[in-house]
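Residue 325 in full-length UniProt numbering is what sits at position 325 of the sequence shown, and the numbering runs on without skipping anything.
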Amino acid sequence: MQRRTMLGGLASAALATALGSATKPAKAQASHYPSRAIRWIVPWPPGGGADLMARIINSKAGELLGQPLVIDNRGGAAGNIGTHIGAMAPADGYTITFGYSGTLAINPFVYPDPGWKQSDFDPVIFLSQVPLMLLVNAKLPVKNVREFIALSKTRQLTFGSSGPGSINHLAGVLFASMTGANLLHVPYRGGGPAMTAVLGGQVDALFMVPVVAEPQLKGGRIRILGVSSAKRSSTSPNIPTIAESGVPGYQVSSWNGVLTPKGTPGDAIATLNKAFNEAMADPAVRKKLVEMGYEIEGGKPERFTQWIDSELAKWGPVVKQANVHPA
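Structural data, given as C-alpha cells:
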C-alpha cells in the first residue's frame, strides 16, 4: 500500500512536470510575438494615398516589431473587398487591415451588405487624419466662408467632388445642411478632374485635401477659404477653420487607422499599438506624414473605437440626405 502510494505520488509529480514543460513553450512563443512577417492589407490599389501612407510607416514599424510588415493591396468596391479579406483572416495577430474613413464610416450606409461588419474587427490604433480645404475659383467674388455662404443665398453655387459618396461630396452636403447654403453637387471621376474643373471655373468650389489644394495657390486660379479641421492646421496656421468662420461644430476629415480580426490576442494588439505609436513618433516618418498633410493621432486602441463610433453617428444622416447608392 505504501509502495502504491509512493508510485502514485511519483506519477503525479511526473505528470505535473510534463504538463509544466508542455505549457512553457506555448508561453514563450506568445511572449515572442511576432515570430514571422505580418500581412498588412491595404484595401486600395498601389500608388494611392492610403498605400503611400502605409509604406511610409511600415518600414519603421516592422523594424520596431522585429518582423517585416508586408503590404498586400486588395482594391475594389470602394475598399470593401480588402476590408472583407481582413475581417475573415485568422485572429492570430499576423493579419492587420488599413481602415479608412470612407470604408468604415460611409460604406455601411451606402452598401446594403459591404461584406464585413464593424464587429468583425478589433481596433489597433488611430493613425492620422487629413482635413479638407474649402477652395473656390479665384474669380468667384468671395474672400471668406461667410461671404461664400451669403453669395450662395443670392444664387446657386456649384461644388465638385471625386464622385458620389466621396468624402468631399459629403463634406459639401454637411456644409450646406449646417449653413443653409444653396449648393449644387457636380460629381467627377476622381479628385484630379474635380480640381481641373474648379481651376477652369466649371464649378465654383471644391473640398480637397491640402496636399492637392495648396500647390495650386501659386497659379492664382483658386482661393482657399477655410480648413475643415476642428483646429487650424499645423502646416497652414494662417488659414482659418470653417468652424471659426461662422459654422460652429463643422469638422470633416479623411482619417485612417489599423484593425485586426475580432478575437486577436490582447498582447498582440498591445505590441502592434506600441510599435505604430513609436513609428509615427519617429522624426523621419513624422516629417513625411506632415508634408503630406496628415495630422498625427496615435493613442490607445479604445480611442480609435470611440472615433469610429462618432463618425458613424455623423455620416449616417448625411449619406441618407445625399441619397447615395452603390456605383
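For every residue, glycine included, the Cβ atom is placed at its ideal position computed from N, Cα and C.
In this text the structure is predicted, and so the values were computed from the model without any measurement.
With 16 other Cβ atoms within 10 Å as the buried cut-off, status of residue i
| i | result |
| --- | --- |
| R155 | exposed |
| A22 | Residue placement at A22 is flagged as unreliable, the pLDDT there being 39, under the threshold of 50; the coordinate-derived value follows with that caveat. The residue is exposed, with fewer than 16 neighbouring Cβ atoms inside 10 Å. |
| G293 | buried |
| K231 | exposed |
| A284 | exposed |
| G93 | buried |
| A327 | exposed |
| E214 | buried |
| Q129 | buried |
| K139 | exposed |
| G49 | buried |
| D122 | buried |
| G102 | buried |
| G263 | exposed |
| A37 | exposed |
| S253 | buried |
| P301 | buried |
| L184 | exposed |
| G66 | exposed |
| A197 | buried |
| G86 | buried |
Simplified DSSP state of residue i, which is helix, strand or coil
| i | result |
| --- | --- |
| V42 | strand |
| L217 | helix |
| A30 | With a pLDDT of only 49 at A30, under the threshold of 50, the placement of this residue in the model should not be trusted; the figure read from the coordinates follows. Helix at A30. |
| A37 | coil |
| M292 | coil |
| A138 | coil |
| T103 | helix |
| T305 | helix |
| G298 | coil |
| N144 | coil |
| V186 | strand |
| G249 | coil |
| A181 | coil |
| A18 | Only weak support is given to the placement of A18: the predicted model assigns it a pLDDT of 39, under 50, and the value that follows is read from those uncertain coordinates. If DSSP states are grouped into helix, strand and coil, A18 belongs with the helices. |
| G165 | coil |
| G316 | helix |
| G115 | coil |
| G226 | strand |
Cα-Cα separation, residue i to residue j
| i | j | result |
| --- | --- | --- |
| G316 | I96 | 26 Å |
| P193 | P68 | 37 Å |
| F276 | R189 | 33 Å |
| W116 | N80 | 8 Å |
| G191 | I57 | 24 Å |
| A181 | V247 | 11 Å |
| F174 | P34 | Sequence inspection shows Leu at residue 174; the Phe mentioned does not correspond to that position. For L174 and P34, the distance between alpha carbons rounds to 43 Å. |
| N107 | P114 | 7 Å |
| P25 | H32 | Confidence at P25 is low in this model, with a pLDDT of 35, below 50, so its placement is unreliable and the value that follows should be read with caution. In a straight line, the C-alpha of P25 is about 10 Å away from that of H32. |
| G47 | A171 | 24 Å |
| A54 | A61 | 10 Å |
| G257 | N238 | 28 Å |
| V211 | V324 | 27 Å |
| F148 | I296 | 30 Å |
| D309 | G266 | 21 Å |
| residue 352 | V318 | One cannot answer for residue 352 here, as it falls past the ends of the chain, which runs 1 to 327. |
| G163 | P43 | 18 Å |
Boundaries of the beta strand (DSSP E) in which residue i is found, first to last residue
| i | result |
| --- | --- |
| T260 | S253 to P261 |
| A230 | Where A230 is concerned, there is no enclosing beta strand (DSSP E), given that its DSSP letter is neither H nor E. |
| Q129 | F121 to P131 |
| N238 | Taken as a continuous stretch (DSSP letters only), N238 belongs to no beta strand (DSSP E), as it is neither H nor E. |
| A87 | First-last for A87: N80 to M88, but that is the alpha helix (DSSP H), not the beta strand (DSSP E). |
| S161 | L157 to S161 |
| V70 | L69 to N73 |
| A77 | Careful: A77 lies outside any beta strand (DSSP E) and carries neither H nor E. |
| A205 | A205 to M208 |
N-terminal and C-terminal residue of the alpha helix (DSSP H) that residue i is part of
| i | result |
| --- | --- |
| M53 | G49 to L65 |
| P193 | G191 to G200 |
| R281 | According to the sequence displayed, residue 281 carries Ala and not Arg. Counting along the chain, the alpha helix (DSSP H) containing A281 begins and ends at G266 to A281. |
| A327 | First-last for A327: undefined, no H or E at that position. |
Residue i: CB within 7 Å of a non-hydrogen atom of the ligand NAP
| i | result |
| --- | --- |
| R303 | Of ligands this structure carries none, so the ligand NAP is not represented either. |
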